[in-house]
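Just so we're aligned, residue 483 is where the sequence shown starts under the numbering used here, counting upward by one. One structure is given below, encoded as structure tokens.
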Amino acid sequence: MNLFGFLGLTAILASQTQPLMFSKLIGDGNTKYLIVHADDLGMCHAENEASFKAMEAGLVTSGSVMMPCPWVMEVVEYAKSHPNVDIGIHLTLNSEWKTYRWRPVLPPEKVPGLVDPEGYLWRSVEDTLKHASAAEVEAECRAQIQRALSLGLKPTHLDTHMGTVVAKPEFLDVYLKLGKEFGLPVMLPLNMLESGNYVTPPQVKQLLPKVIEAGVPLLDALAGGVKSADPEERRKEYISLLRALRPGVTQIILHLGTNSDELKAITSSADARYGDFLAFTHPETKQHIKELGIKLIGWRELAEALKTK
């Protein structure tokens, strides 16, 4: 059965107004499942190194790779030597840093609306929404997926850098279409779609009805809001977040980095990224997860659940 063959269930769901939830596909709805996810793989060596170490430590259960970025091949080589690693594709339509930039996978002349006057992907979501067409977004996202496959990656899911690919209904259509086309689950959290706070444009409130109509399964929640860059305070904030988890499937998105000059030269968030690394390689974090009865899972488990439904 194709991964999205379950969409045959859409006929049953068509008259319903409730979304299909991953928590119902993998359990009874009472268990606290948690995906601890490493964003921005491929962005730089420091990001890769910290993410891989955290995965090997056992608390980070999945990651996703930015195909336009310079350090993608390090991710490819790691995946080849670690065939069970859970890595999706972080569909990337923005290049946000001041001096460290990347271009689309496609030649810029093929997707001119995605490219700023300097020749790179736009820095902000708003600029991408203003200049790019849905056709350009589809072409570039498909090219990113195809490049990952051509390099031998076996992605477990799709998700979105900076939320751009779900920032308006026309882009969401592309996201859902590509998930179905390539047989990959897409990361969409119910709590953010219900609140209208997943991304800033007001159109986001139109997204949930589209997702329900498509019968695409959702995460129960995307958890975040950790603010401190101080390593110990940051870890304490994550512990508080873990204690507040409710039953269902929740994802925590991390941006992990080593304490390196490379990362400090790229982003002012270097200390926070190092704090993420320290928090999710710390033995006390692992102990708290165990004591709280939280079950760690990755996107591979969700994909397998879809195959059997």
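Here a beta-carbon is modelled for each residue, glycine too, at the ideal position from N, C-alpha and C. Everything numeric in this text was worked out from a predicted model, so none of it was measured.
Check, Outcome
"Starting from the C-beta of C551, find all residues in its chain whose C-beta is less than 6 Å away, skip the five residues before and the five after it, and write them out in chain order.", "G524, M525 and W584"
"According to the neighbour-count rule (16 or more other Cβ atoms, all chains shown, within 10 Å of its Cβ), is A705 buried or exposed?", "buried"
"Between T638 and T581, what straight-line distance do the alpha-carbon atoms span, to the nearest angstrom?", "31 Å"
"Whole angstroms are fine: how far does the CA of L575 sit from the CA of K612?", "13 Å"
"How big is the Cα-Cα spacing for A614 and Y602?", "13 Å"
"Check whether the Cβ atoms of I748 and W553 sit closer than 8 Å, and answer yes or no.", "no"
"For E783 and P599, I'd like the C-alpha separation in whole angstroms.", "42 Å"
"Sort out for me which residues DSSP pairs Y582 with in a bridge.", "Looking at the DSSP assignment, Y582 forms no beta bridge with any residue, so it has no partner."
"Note down the Cα distance separating E591 from P565, rounded to an integer number of angstroms.", "36 Å"
"Give a yes or no on whether the C-beta atoms belonging to F653 and A616 are separated by under 8 Å.", "yes"
"With 16 other CB atoms within 10 Å as the buried threshold, where does G707 fall?", "exposed"
"What span of residues does the alpha helix (DSSP H) with S632 cover, start to end?", "A616 to S632"
"Based on the DSSP output, what are the partners of G570 in its beta bridges?", "S546"
"Does DSSP classify I779 as helix, strand or coil?", "coil"
"What is the C-beta distance between L736 and D521, in whole angstroms, given that I count them as a contact (C-beta under 8 Å)?", "7 Å"
"Using CA coordinates, which residue listed in Q769, A752 and H764 is at the minimum distance from R725?", "Q769"
"Within the same chain, show all residues whose beta-carbon is closer than 6 Å to that of V587, passing over the 5 residues directly before and after it, in chain order.", "M549, P550, A625, Q626 and R629"
"Whether or not the region 711-722 and the region 500-514 are in contact is what I'm after, with contact meaning three or more pairs of Cβ atoms, one per stretch, closer than 8 Å; do they touch?", "no"
"Starting from Q769, trace the beta strand (DSSP E) both ways and give me its first and last residue.", "Careful: Q769 lies outside any beta strand (DSSP E), inside the alpha helix (DSSP H) at P765 to E773."
"Buried or exposed: N530, going by 16 or more other Cβ atoms within 10 Å of its Cβ?", "buried"
"Below 7 Å CB to CB, which residues in the same chain sit around A528 once its five sequence neighbours on both sides are set aside?", "G739, T740, S742, E744 and L745"
"Quick check on DSSP: helix, strand or coil for V453?", "Nothing can be reported for residue 453: it is not among the residues displayed for the chain, which extend from 483 to 791."
"What span of residues does the beta strand (DSSP E) with A703 cover, start to end?", "A703 to A705"
"Identify which residue in S710, I776 and S751 has its Cα closest to the Cα of P729.", "I776"
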